[in-house]
Amino acid sequence: MKTLILYTTLYGATKACAEELAGLLGEADLLAVSKKARPDLSAYDGVIVGSPVYMNALPKPMKQFLDAYEFDLLEKKLGIFLCCSNAKRFEKYLPYCFSFDLLEKAEVKECFGGILEEDKLRFWHRMITKAIRKQASAPPPEAVILHENIKKFAALWKGEPYFPPEPEPAPASPAEEAGGSSQTEEGGSSSPTGGEGA
Ligand SMILES: Cc1cc2nc3c(=O)[nH]c(=O)nc-3n(C[C@H](O)[C@H](O)[C@H](O)COP(=O)(O)O)c2cc1C
Numbered sequence: 012m013k014t015l016i017l018y019t020t021l022y023g024a025t026k027a028c029a030e031e032l033a034g035l036l037g038e039a040d041l042l043a044v045s046k047k048a049r050p051d052l053s054a055y056d057g058v059i060v061g062s063p064v065y066m067n068a069l070p071k072p073m074k075q076f077l078d079a080y081e082f083d084l085l086e087k088k089l090g091i092f093l094c095c096s097n098a099k100r101f102e103k104y105l106p107y108c109f110s111f112d113l114l115e116k117a118e119v120k121e122c123f124g125g126i127l128e129e130d131k132l133r134f135w136h137r138m139i140t141k142a143i144r145k146q147a148s149a150p151p152p153e154a155v156i157l158h159e160n161i162k163k164f165a166a167l168w169k170g171e172p173y174f175p176p177e178p179e180p181a182p183a184s185p186a187e188e189a190g191g192s193s194q195t196e197e198g199g200s201s202s203p204t205g206g207e208g209a
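Counting from 1, position 36 in the sequence shown corresponds to residue 47 in this note's numbering; the numbering is continuous, with no gaps.
Next up, the structure:
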């Protein structure tokens, strides 16, 4: 199946994610959406649309592209990914960013996280970011690329099973590290079943 990944990016995070995804899919073309781009989608069975989120919305070139190409996209196997610093809000961003029909049509939807390097931002973006940070009572979530979500997307897109990685084992307690014993100070066992008694 021939796939086209259409993306837009301001600072490069979405491009990097699109490239990583293309590498995992094997057979995929990449195209940056711009005002001038008029891609011919007829050569592709599947299209993946990837975009960053800015102020809860898509950048204008992507919005315009989706408006112009909605009917063509609805004819394809469709996938959607977003790059944003607040991955927890991914589900909330989707309806702000895509039409109901596109969301219904998309077989795979994932958040790939993001990158936010304040010192590299354009003046106004830096001002906005600072203002948001000042307003928020909690520190902003750390922007990181969610590589595992890219792997998951690739597997689902190819119709392959996806196995999430095993969770990291909990770090050893200082007592365990010091003595290698699982005895607690009270003399009981610190194993999950030891304390209560089976
Ligand atoms: C001015 C500005 C507004 C942003 N707005 C949001 C937002 O509403 N929600 C969010 O989760 N991330 C937001 N971000 C973070 C970007 O989505 C994130 O940095 C993303 O990785 C940028 O992708 P790009 O490098 O492909 O442009 C914002 C960043 C900037 C600079």
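Glycine residues also receive a C-beta, built at the ideal position from the N, C-alpha and C atoms.
Query: For Asp-130 versus Glu-81, is the C-beta distance shorter than 8 Å?; Result: no
Query: With H, G and I counted as helix, E and B as strand and the rest as coil, what does DSSP make of Glu-86?; Result: coil
Query: What three-state label does DSSP hand Pro-72 in the structure shown?; Result: helix
Query: On the premise that Lys-169 lies in contact with Leu-36, defined as a C-beta separation below 8 Å, what is that separation, rounded to the nearest angstrom?; Result: 7 Å
Query: Can you give me the Cβ contacts of Ala-98 inside the same chain, cut-off strictly under 6 Å, excluding the 5 residues immediately before and after it?; Result: Cys-122, Gly-124
Query: Sort Cys-94, His-136, Pro-185 by Cα distance to Glu-153 and report the nearest one.; Result: Cys-94
Query: Is Ser-96 near ligand 1, judged by its Cβ being under 7 Å from some heavy atom?; Result: yes
Query: Taking Gly-90 as the reference, give the member of Ala-54, Thr-14, Ser-53 with the closest Cα.; Result: Thr-14
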